[in-house]
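Report on the following structure.
Residue numbers (the working numbering): 2 to 613.
Structure representation (structure tokens):
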């Protein structure tokens, strides 16, 4: 079983050690500002008791070939072999910049060669680091010289050098990560070329697998337990790498290669009041577990039991119709995972958690948009985005109702889920079903786009007289401003026996969730054009207007997620007796609103029918 050794080493513990900087490393490149930031961070750190300032990982590999060569060539006795073994060299894979900077600081504080840096290809730079030579014509020497000047000026200004030196030596600690990877360039490439730093989870896993954490108690039983944990660890990580599962619990934007970190972060936040200090922010979770491993030999089993318990809770939420949808909804509404776990524990039973916490919290989230006749947008009213929580809940509750109906009818073990992972990877607008064009078409470009996309409606496309007027307007053949006349003719062709007025168009019965890309393309188009484009997008087709011929063009595209209630609205699902698929009228809007009302009633929320 692979074992990477990990511990925290103070700068003082690095004294008299030998480090080798291989040729795959770039030279010293820290800027003046980076040097000042490190100096100021250490200086401003005020330790209490055993507090320390934690520096990012120093990733090293024992230079075995160097040890064996020296033993073979130089050792004459057992004592000399032991001496050589104690003085072996460490190949630095990551952390060279900080290691070099601290060496320069110690040199400026009067320490002569506190530890040794040997460069494979940049001979002489170690002398420059130790203040023995300067050569600013060399780029590496130049950066070292600039760092020395910055440090000297800073020390002269601060004057409390002995106090600073003591803090640097004893209160600053590297995360010492000794890898057993046979190919150090592979590790370097990941950490530096790929810019993927070691995660808290990788560092914590090294604690679990490190035999030195168990002392004399390390035996076959512990080794077997480590193997079990390693297997379970991989299974948990595999599940978390599934975006369906991960984005149910989290939002987009997480870029670390490991995801099990979330479980350790939860445990650390629950059990620790540890403040983040300086560079320690990123590795606060690792530091918390490192201290506990050091003080408690039974900690491995204790913490792993807690990790599994949290993970099993997440799985239970994911695999239950109501828990999945209500928890997923509240996470989108910015209710934290920690809060949800606390309430899960406090409510004792699943039913109590659903009824007493989830549903009650959801009621609070829709408080501002529960009046279904509320006016939005115009006359200083709230923006239409205010009703987003209710529109999303309508989709989520629709998914629940569908899943429960299918389970009841067909005894299915799996169920239809609202795809939170797809919802979170798009940007969503609250958009009008029947276009609010009376206020939107203010400039020539908007007018041309509206006319262009009206050609996607078959009856416009097939009306040669109307089409020729549209083409003439777009191509500015006669420079005639007859947009209003053409628009009126198109709307007359579509027809609408019970149209919504401007105020009615800005109520929730005329709003759906629409992804921003679709909205930008067709947002102001007439209803049949929007309807066609949304249906085609759901089928994995993209329909556009050819710029040259101004004729519709269909091409294959990635099938997009259309929220169920958006799809149902444009398919006239809510009004089975709808007069026409060509327009969205008041009867359609009322049927849609009545269905939203049923969602509110699921949560015992009732609203008046008076316009607000």
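Even glycine gets a Cβ: it sits at the ideal position worked out from N, Cα and C.
For clarity, every value in this text was computed on a predicted model and none was experimentally measured.
Assumed close pair residue 63, residue 89 - CB separation to whole angstroms, cut-off 8 Å: At roughly 6 Å, the Cβ-Cβ gap stays under 8 Å, so residue 63 and residue 89 are in contact.
Close-in-space but distant-in-sequence residues of the same chain around residue 399 (CB under 7 Å, 5 per side omitted): 565 and 566
Exposure label - residue 248; buried when at least 16 CB within 10 Å: Sixteen is the threshold: when 16 or more other Cβ atoms of the shown chains lie within 10 Å of the Cβ of residue 248, as they do, the residue is buried.
Host alpha helix (DSSP H) of residue 119 (start-end): Segment 117 to 120 is the beta strand (DSSP E) holding residue 119; no alpha helix (DSSP H) there.
Every unbroken alpha helix (DSSP H) inside the stretch 270 to 320 [4 residues or more]: 285 to 296 and 300 to 319
Residue from 185, 355, 365 and 455 whose Cα sits closest to the Cα of residue 1: Because the chain spans 2 through 613 in this model, residue 1 falls outside it and cannot be assessed.
Exposure label - residue 277; buried when at least 16 CB within 10 Å: Note on residue 277: pLDDT 42, under 50, position unreliable in the model; the coordinate value appears next. Answer is exposed; the Cβ neighbour count stays below 16.
Beta-carbon separation (whole angstroms), residue 529 vs residue 574, contact threshold 8 Å: The pair is not a contact, with the Cβ atoms about 16 Å apart (cut-off 8 Å).
Whole-angstrom distance between residue 392 and residue 385, CA atom to CA atom: 11 Å
Sufficient close CB pairs (3 or more, under 8 Å) joining the stretch 160 to 180 to the stretch 32 to 48: yes
Spatially closest choice to residue 446 from 435, 477, 428 and 420, by CA coordinates: 477
Test item: CB-CB of residue 450 and residue 515 under 8 Å: no
Candidates 294, 244 and 378: closest to residue 507 by CA position: 378
Residue 482 versus residue 467: straight-line alpha-carbon distance, rounded: For residue 482 and residue 467, the distance between alpha carbons rounds to 15 Å.
Beta-carbon proximity list for residue 33, same chain, < 7 Å, skipping 5 on both sides: 147 and 151
Of the residues 372, 222, 358 and 15, the one placed nearest residue 104, counting alpha carbons only: 15
Reference residue 228; option with closest CA among 206, 390 and 244: 206
Backbone CA spacing between residue 279 and residue 254 [nearest angstrom]: A caution first: residue 279 carries a pLDDT of 41, below 50, which makes its placement in the model unreliable, though a value can still be read off. Cα to Cα, residue 279 sits roughly 23 Å from residue 254.
Secondary structure, alpha helix (DSSP H): runs of 4+ residues fully inside the stretch 341 to 372: 360 to 366
Same chain, Cβ closer than 7 Å to residue 604, five either side skipped, listed in chain order: 360, 363 and 364
8 Å Cβ cutoff met for residue 239 and residue 204: no
Rounded C-alpha distance that separates residue 243 from residue 307: Cα to Cα, the separation comes out at about 22 Å.
Same chain, Cβ closer than 7 Å to residue 221, five either side skipped, listed in chain order: Cβ within range, chain order: n/a, list empty.
Straight-line Cα distance separating residue 593 from residue 513: 10 Å
Sufficient close CB pairs (3 or more, under 8 Å) joining the stretch 16 to 26 to the stretch 95 to 115: yes
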